[in-house]
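In the UniProt record's numbering, the protein residues as written are 1 to 254. Virtual Cβ for every residue (Gly too), placed ideally from N, Cα, C. Single-structure report; data block below.
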């Protein structure tokens, strides 16, 4: 796939979707990429997304932005999936405001053996806690945690959070917060405040709380969600990213 950013408006995207894979295995997807501009300007961003079970797309698990040089670079994706789940890797090129250059990927290979440069995650288990308690996800991966690797817990919202609750109107009036001359403004404001509270983590990346090396071949990363509520009952997966590529776990449920 080659995208000439000079032929597209800023923000336009092109996608290349790999075939869906179902094997109960950990795959390594190896590819070459190039973001080039004759004047060294920013041609845009290359994102990689992983869709599971034909569901909605979460945030990218790997991306690179800006001029990367004249030579092709190589990266790996260590994708962990387990029966009966299936997944699909999507390469996405997004044009920047510079509109001068190329975003390209080539030589994509799906390998049947583990990645050499990106860690593979073991199966991530579901976490069950009561409302108001803290929840901890522990991600275990093969390889050693590198200092420059970015680690995070990625949330995929599986339900719509934006709902208007009739009781909010009553609550406003009873709390004495509504201006009887213009009640609509105050009601809307309170609704917005409550929606913001409910969506505090919707689709956000949760930073790692602690990492430790188990041995010379494995490391563990812990992620904590404070005082969870029903709105946090979503799917979560572990992601690690470096210049050399990315590793992503299966989704687990809270």
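| Asked | Found |
| --- | --- |
| First through last residue of the beta strand (DSSP E) which encompasses residue 61 | Note, residue 61: premise wrong, no beta strand (DSSP E); not H, not E. |
| Residues bridged to residue 207 (per DSSP) | 152 |
| Cα-Cα separation between residue 17 and residue 93, rounded to whole angstroms | 12 Å |
| Residue of 32, 225, 60 and 140 minimising C-alpha distance to residue 70 | 32 |
| Beta carbon of residue 151 nearer than 8 Å to that of residue 208 | yes |
| Assigned secondary structure, residue 232 (DSSP; H/G/I helix, E/B strand, else coil) | helix |
| Terminal residues of the beta strand (DSSP E) in which residue 6 lies | Neither: residue 6 is in no beta strand (DSSP E) and is coded neither H nor E. |
| First and last residue of the uninterrupted beta strand (DSSP E) at residue 127 | It is not in any beta strand (DSSP E) - residue 127 carries neither H nor E in the DSSP assignment. |
| Backbone CA spacing between residue 195 and residue 231 [nearest angstrom] | Annotation note: pLDDT 39 at residue 195 (below 50); position unreliable, no value reported. |
| When 252, 28, 123 and 136 are compared against residue 111, the one with the closest alpha-carbon | 28 |
| contact_flag[the stretch 51 to 68, the stretch 120 to 129] where n(CB pairs < 8 Å) is 3 or more | no |
| Distance CB(residue 118)-CB(residue 237) smaller than 8 Å | no |
| Selected residue, minimal CA-CA separation from residue 38, among 89, 102 and 7 | 102 |
| Test item: CB-CB of residue 248 and residue 96 under 8 Å | no |
| Burial state of residue 20 (16 or more Cβ within 10 Å) | exposed |
| Beta-carbon contacts of residue 105 that lie in its chain and below 6 Å, excluding the five residues immediately before and after | 1, 31, 33 and 91 |
| DSSP-derived helix/strand/coil call for residue 105 | strand |
| Alpha carbon of residue 233 to alpha carbon of residue 10, nearest angstrom | 36 Å |
| Under the three-state DSSP convention, the category residue 86 falls into | coil |
| Identified DSSP bridge partners for residue 44 | 95 |
| Straight-line Cα distance separating residue 153 from residue 206 | 5 Å |
| Rounded C-alpha distance that separates residue 36 from residue 107 | 17 Å |
| Cross-strand partners of residue 224 (DSSP beta bridge) | 136 |
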